[in-house]
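Undergrad: Here it is: the structure, laid out below.
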Amino acid sequence: MFLPWVIAPGDDVGIIRQSTVDFRGIYSKASSNHGYVAIVEPPGAPSNTTGRNWVVAADGTAASLFVAHPEPRLVELFTGKVTPLPPFPLEQVMEYPRGIVYPDGTIFLYQFNYEQRQDHRFDKTLAFTVSILRPGNVTWETMKKRLNVLIRNCCSAAYHNGEILVFVGANIWCFLTLNFEANGDNMGGMLEEPWNRVSTYVLDSRGELLMASIWVDESLQCYDNHHQVLSVTVHALKEVEGSSWKRWLRKDGRSLGDRLLFLGSPASFTMDAAQLGTSGGYVYFPFRRGMFCYNLANGMAKRVKRPRSEWRVEDLCVWLQPQPAIAPIQEIKESINGANE
1 MFLPWVIAPG DDVGIIRQST VDFRGIYSKA SSNHGYVAIV EPPGAPSNTT
51 GRNWVVAADG TAASLFVAHP EPRLVELFTG KVTPLPPFPL EQVMEYPRGI
101 VYPDGTIFLY QFNYEQRQDH RFDKTLAFTV SILRPGNVTW ETMKKRLNVL
151 IRNCCSAAYH NGEILVFVGA NIWCFLTLNF EANGDNMGGM LEEPWNRVST
201 YVLDSRGELL MASIWVDESL QCYDNHHQVL SVTVHALKEV EGSSWKRWLR
251 KDGRSLGDRL LFLGSPASFT MDAAQLGTSG GYVYFPFRRG MFCYNLANGM
301 AKRVKRPRSE WRVEDLCVWL QPQPAIAPIQ EIKESINGAN E
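Each residue of the sequence shown is one higher than the one before, counting from 1 in the UniProt record's numbering.
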């Protein structure tokens, strides 16, 4: 079993920094401080200097760089494998998209950026652009939506059961189709917390859509006492009985006691705690260029990776659990049995 490890872009162009986390360190008094390894991006990767067009498998098993033009492709970060893609629409070019590859093969690319408002000369609004390539299709489905908000924090998006969910601050939109102008409910305002939400992550766990939010008490400036200023909440999207509406219901630590949550951007995932030989109910997430672990049972946060100035983990953070290139035990047993017959 390979333990999840984290990668993030470095300050140097074309450099990726990878690091491991000591999961046993959550029980010790001292925070672990394992080193960081710098690796070079593979040949064929985009040469942009300020963004990283990372596309990650939803389950954390692979990570690639997306190249839109002139030949659209995915370039795997560690193997250099190139996956050709259909032509990308020129009118919907996204400068620095992020993306997720879902288990069914759907490629979901999105980007948030500011645009000039048509009804105001100087004001800008946040725009959301999305492109989806479904399995078997040879063309991208693309659309852009102006969200009429000025903030650009806690931005994330997800594709779940044919629906697109967009998260910006305390606002949550749900789009049933790519015809954004004809649909889209604002599902925001239902999360109540006295602290300031600094990041939001969306993930699928056992068929259930979860939203994890990181909160910080800005009134306390001493960030060394992380257990005092950091909080994590997890909500699940549930259908309202007898209605077509859905709502976010908060989950307690006990309901997640057999799982570990790994929060990152663009993708997050959960793992069974038994796979790592540890107890569950913990959430791993980036904060202020460091890595932290939050105990959902007692509400305590612990730093498990010290901050590094050159590690831009809050800009882009990918947890990976690459699968070994060997046959599963069951396949090996079947091969042996077949040879003995």
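Beta carbons are placed, not taken as given, at the ideal position from N, Cα and C, and that holds for glycine. What you are looking at is a predicted structure, and each value in this text was computed from that prediction instead of being measured.
Looking at the secondary structure, which residues open and close the alpha helix (DSSP H) in which residue 74 lies?
TA: Translated into the one-based positions of the sequence shown, residue 74 becomes position 74. Counting along the chain, residue 74 falls outside any alpha helix (DSSP H), though it belongs to the beta strand (DSSP E) covering 73–76.
Undergrad: Using a Cβ-Cβ cutoff of less than 7 Å, which residues in the same chain neighbour residue 116 once the five nearest sequence positions on both sides are dropped?
TA: Numbered from its first residue, the sequence shown carries residue 116 at position 116. Within the same chain, residue 116 has close Cβ partners 124.
Undergrad: Skipping 5 residues on each side, what residues in its chain have a beta carbon closer than 7 Å to that of residue 290?
TA: Along the sequence shown, one-based indexing puts residue 290 at 290. Cβ within range, chain order: 303, 305, 306, 307.
Undergrad: Which value, in whole angstroms, describes the spacing of the CA atoms of residue 160 and residue 301?
TA: As a position in the sequence shown, residue 160 is number 160, starting the count at 1. As a position in the sequence shown, residue 301 is number 301, starting the count at 1. If you take the alpha carbons of residue 160 and residue 301, they lie about 30 Å apart.
Undergrad: At a cut of 8 Å, does the segment 195–214 reach the segment 245–262 through at least three beta carbon pairs?
TA: Taking 8 Å as the limit for Cβ pairs, the verdict is that the segment 245–262 does touch the segment 195–214.
Undergrad: Tell me the start and end of each unbroken beta strand (DSSP E) in the segment 241–271 that is at least 3 residues and wholly inside, in chain order.
TA: Runs found: 246–250, 259–262.
Undergrad: With the cut-off set at 9 Å, would you say residue 147 and residue 165 are in Cβ contact?
TA: Position 147 of the sequence shown, counted from the start, is the residue given in the question as residue 147. Position 165 of the sequence shown, counted from the start, is the residue given in the question as residue 165. For residue 147 and residue 165, no; Cβs fall outside 9 Å.
Undergrad: Between the Cα of residue 141 and the Cα atoms of 89, 114, 128, 252, which residue gives the shortest distance?
TA: Numbered from its first residue, the sequence shown carries residue 141 at position 141. If we check each option's Cα against that of residue 141, 89 comes out closest.
Undergrad: Residue 295 and residue 282: beta carbons closer than 9 Å?
TA: Counted from its first residue, the sequence shown places residue 295 at position 295. Counted from its first residue, the sequence shown places residue 282 at position 282. Yes; because the gap between Cβ atoms is below 9 Å, this pair is in contact.
Undergrad: Measuring only the C-alpha atoms, how far is residue 320 from residue 272?
TA: Reading the sequence shown from its first residue, position 320 is the one you call residue 320. Reading the sequence shown from its first residue, position 272 is the one you call residue 272. Near 15 Å, if we compare the C-alpha coordinates of residue 272 and residue 320.
Undergrad: Please return the same chain residues whose Cβ sits closer than 7 Å to the Cβ of residue 168, not counting the five positions on each side in sequence.
TA: In the sequence shown, residue 168 corresponds to position 168, counting from 1. Around residue 168: 126, 147, 149, 151, 154, 155.
Undergrad: Taking C-alpha atoms, which residue in 138, 287, 232 lies nearest to residue 87?
TA: In the sequence shown, the residue the question calls residue 87 occupies position 87. It is 138 whose Cα lies nearest to the Cα of residue 87.
Undergrad: Confirm the yes/no value for this check: CB of residue 298, any heavy atom of the ligand ZN, distance under 8 Å.
TA: The ligand ZN is not part of the structure shown, which contains no ligands of any sort.
Undergrad: Please list, in chain order, all residues of the same chain as residue 328 whose beta carbon is under 7 Å from its beta carbon, the five residues on each side excluded.
TA: Against the sequence shown, residue 328 aligns to sequence position 328. Unreliable positioning characterises residue 328 in this predicted model, as indicated by a pLDDT of 44, which lies under 50. A coordinate reading is not provided.
Undergrad: Given this structure, state the Cα-to-Cα distance separating residue 249 from residue 215, to the nearest angstrom.
TA: Taking the first residue of the sequence shown as position 1, residue 249 is located at position 249. Taking the first residue of the sequence shown as position 1, residue 215 is located at position 215. When rounded, the distance between both Cα atoms is 17 Å.
Undergrad: Using only CA atoms, which one of 3, 114, 131 lies nearest to residue 66?
TA: Taking the sequence shown and counting its residues from 1, one reaches residue 66 at position 66. The shortest C-alpha separation from residue 66 is found at 131.
Undergrad: For residue 245, I'd like the list of residues in its chain whose CB is within less than 8 Å of its CB, leaving aside the five on either flank, ordered along the chain.
TA: Locating residue 245 in the sequence shown gives position 245, counting from the first residue. Here the set comprises 239.
Undergrad: Using the three-state DSSP reduction, which class does residue 189 fall into: helix, strand or coil?
TA: Along the sequence shown, read from residue 1 onward, the residue named residue 189 stands at position 189. Note that residue 189 scores a pLDDT of 43, beneath 50, so its modelled location is shaky and nothing firm can be said.
Undergrad: Could you check the C-alpha separation between residue 8 and residue 287 for me, to the nearest Å?
TA: Here the question's residue 8 lines up with position 8 in the sequence shown. Here the question's residue 287 lines up with position 287 in the sequence shown. Approximately 13 Å between the Cα atoms of the pair.
Undergrad: Looking only at its chain, what residues have a beta carbon closer than 7 Å to the beta carbon of residue 256, apart from the 5 residues adjacent to it on each side?
TA: Locating residue 256 in the sequence shown gives position 256, where the first residue counts as 1. Here the set comprises 234, 280, 281, 296.
Undergrad: Suppose you measure from the CA of residue 211 to the CA of residue 158; what does that come to, to the nearest Å?
TA: Locating residue 211 in the sequence shown gives position 211, where the first residue counts as 1. Locating residue 158 in the sequence shown gives position 158, where the first residue counts as 1. Taking the straight line from one Cα to the other gives about 10 Å.
Undergrad: Considering only C-alpha positions, which residue in the set 64, 56, 199, 292 is nearest to residue 267?
TA: Here residue 267 is taken as the residue at index 267 of the sequence shown, counted from 1. It is 56.
Undergrad: Check each candidate in 111, 162, 171 and name the one with the smallest Cα separation from residue 144.
TA: To locate residue 144, count along the sequence shown from 1; it is residue 144. Minimum Cα distance to residue 144 is reached at 111.
Undergrad: Put residue 111 into one of helix, strand or coil per three-state DSSP.
TA: Counting from one through the sequence shown, the residue named residue 111 turns up at place 111. Looking at residue 111 - three-state DSSP - the assignment turns out to be strand.
Undergrad: So what does residue 215 bridge to, in DSSP terms?
TA: As a position in the sequence shown, residue 215 is number 215, starting the count at 1. The partner list for residue 215 (beta bridge, DSSP) reads 197, 231.
Undergrad: Look at residue 217 and residue 231 and say whether their C-beta atoms are less than 9 Å apart.
TA: As a working mapping, residue 217 is identified with position 217 in the sequence shown. As a working mapping, residue 231 is identified with position 231 in the sequence shown. Contact flag set, yes.
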